[in-house]
Every structure is written in C-alpha cells, then in structure tokens.
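Trainee: A single structure is presented below for examination.
In the UniProt record's numbering, the protein residues as written are 1 to 278.
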C-alpha cells in the first residue's frame, strides 16, 4: 500500500494550490499570525483515503490551511487507523473496480466497521446519493457528501461532525491508550489488558507488543525488531525474537496456527493479524 502523510500547511506547498476560505474551520482560535505567517497552535487529525488523490487535492489543501493535521492514504489500513488515531475519516467511495471485488463503497465495509469500533466519524464522498433505503442503512452512522463539491462545503460538514462527536465514554481509548481488537495498552501505567483482564508482561514483551500495535500493519522483520526493541545493530539472533514472540502469544492466549493478534510471515517476520487470518 502506498501512503503519504501531509502535515500542517505543507499541502499547499506540495500541491502548489491556494484557496481563499472565508468560513472558519478547525479549532476556533487555532491559528495565530506571526510576521504575516499563520501558526497553528492546536490541531485535529483527519485521515483522507482515496485511490485517486487528485479528486481530493482541494480538500486536502483546505484542511491543512485551516490547521488540521491531514493524513492522505491510497487505501484503508486498519493499522494506520489504530496508530494515527484520527478524529475523523474522509473516505472517497467513488464507484470504481476494487481489487478485493465490487466497488469502493462495498470495499469500505471494513473501514466503516473499524471506525465505528473506534468511535471515529466517517464522511463518505460519492458521485451520487444512496439509491435506496437498503443502501442508506449500509452506511450506518457515516455521513455522505456528493463529490466533487466545493471544499468549503466539506469543511463545514467536517466541523459540524467534529463538534457533534460524542465525548469518549469512561474507559474509551485516549491519547494515552493504544488499542488493538480487545487489547488495551495504557502508556502511562505501562499496563496491558486483554478482554478487560490484566496481562502481566516483561518489559521486553511490552515493548514488542507496543511496537506491533503502533505499526501500520506491515511485515516487521526479525532484524528490524531486534534493532527497535532490543537496540541490537546487527543481523542475527533471530531465535531471540522467536522466543519472545512465542512467550507473548502464550500470555495473550494467541495461536500461531489461527492467529488473532500476531501472524508469522514465513521467511520474513511477523505482522499484526487481520480478520482474514483466522
């Protein structure tokens, strides 16, 4: 999967396009003027997913100009949703053929489900309104905007959705919490819970699990794990990684044969499991 991350204000320089927006967006008072340049003191994170980035270029620039942190992806990746923890998702559901079959709106079912589990609102961009009640029901709580449209219209919709976003319930993921399926890691307390039950891990097992959960779901080689978790700058000692993965799986009640959390990629390393791995 190809992806690109565009941060505050950088989009206008990368794309070479400027918009004159008069309606306020993002946090009120988030931008401050300093020497004729706009400084963003507060930001909100928006993830835009589109197989054709040219279609959402104006929206990307407009969001960045209004002090949003914008992450632009070509395809949905559940690992990125968990690691970046956006406040809102924009999904470009244009009716084109999709590698997994069907069209992008049908392929967005996993995205809508994952966003719902994480309490992230979704704005769907499509070329037409829903054709019937059944299709409307399949969108769940997601809002739909016929696209292309003026970026100002999308900004107003995004601001309203963020303002109306329910406050996190007690125990819901926060900036100090990393979550994957039924696993929750409390960064402040350095604790791990699985299905509400505490899991006692060693420091190395904790670092290993945290590294997996904050990854983007791609394959992590044994060498990269040695480098990141153990700080060993050499290619070797892969048995050390394998032994800790085995111990971690045992404590998480995971299975190498039918993995729920960590998948073995033969000849390469390990990665986070998705729903198709069981």
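All C-beta atoms in this analysis are idealised placements derived from N, C-alpha and C, irrespective of residue type, glycine included.
Can you tell me the Cα-Cα spacing of residue 116 and residue 260, whole angstroms?
Mentor: Cα to Cα, the separation comes out at about 20 Å.
Trainee: How big is the Cα-Cα spacing for residue 227 and residue 91?
Mentor: Cα to Cα, residue 227 sits roughly 35 Å from residue 91.
Trainee: With which residues is residue 44 paired in a DSSP beta bridge?
Mentor: Residue 44 is bridged to 68.
Trainee: Which of the three DSSP states, helix, strand or coil, is assigned to residue 243?
Mentor: Three-state DSSP puts residue 243 in a helix.
Trainee: Compare the Cα-Cα distances from residue 197 to each of 203, 204 and 185 and report the closest residue.
Mentor: Cα-wise, what sits closest to residue 197 is 185.
Trainee: Is it the case that the Cβ atoms of residue 59 and residue 151 are separated by a distance below 8 Å?
Mentor: A contact, by the Cβ cut-off of 8 Å.
Trainee: Would you list the one or two residues that DSSP bridges to residue 265?
Mentor: Paired residue(s): 269.
Trainee: Quick one: grab the DSSP three-state call for residue 98.
Mentor: Per-residue confidence for residue 98 stands at a pLDDT of 49, beneath the threshold of 50, marking its modelled position as unreliable; the derived number appears in the next sentence. Note: residue 98 maps to coil in three-state DSSP.
Trainee: Buried or exposed: residue 163, going by 16 or more other Cβ atoms within 10 Å of its Cβ?
Mentor: Residue 163 comes out exposed.
Trainee: Would a C-beta distance cut-off of 8 Å place residue 48 and residue 70 closer than the cut-off?
Mentor: For residue 48 and residue 70, yes; Cβs fall inside 8 Å.
Trainee: Assuming residue 264 contacts residue 273 (C-beta within less than 8 Å), just tell me the rounded distance between them.
Mentor: With a Cβ gap of about 10 Å, residue 264 and residue 273 do not count as contacting.
Trainee: How many Å lie between residue 144 and residue 77 at the Cα?
Mentor: About 21 Å.
Trainee: According to the neighbour-count rule (16 or more other Cβ atoms, all chains shown, within 10 Å of its Cβ), is residue 148 buried or exposed?
Mentor: Exposed: under 16 other Cβ atoms inside 10 Å.
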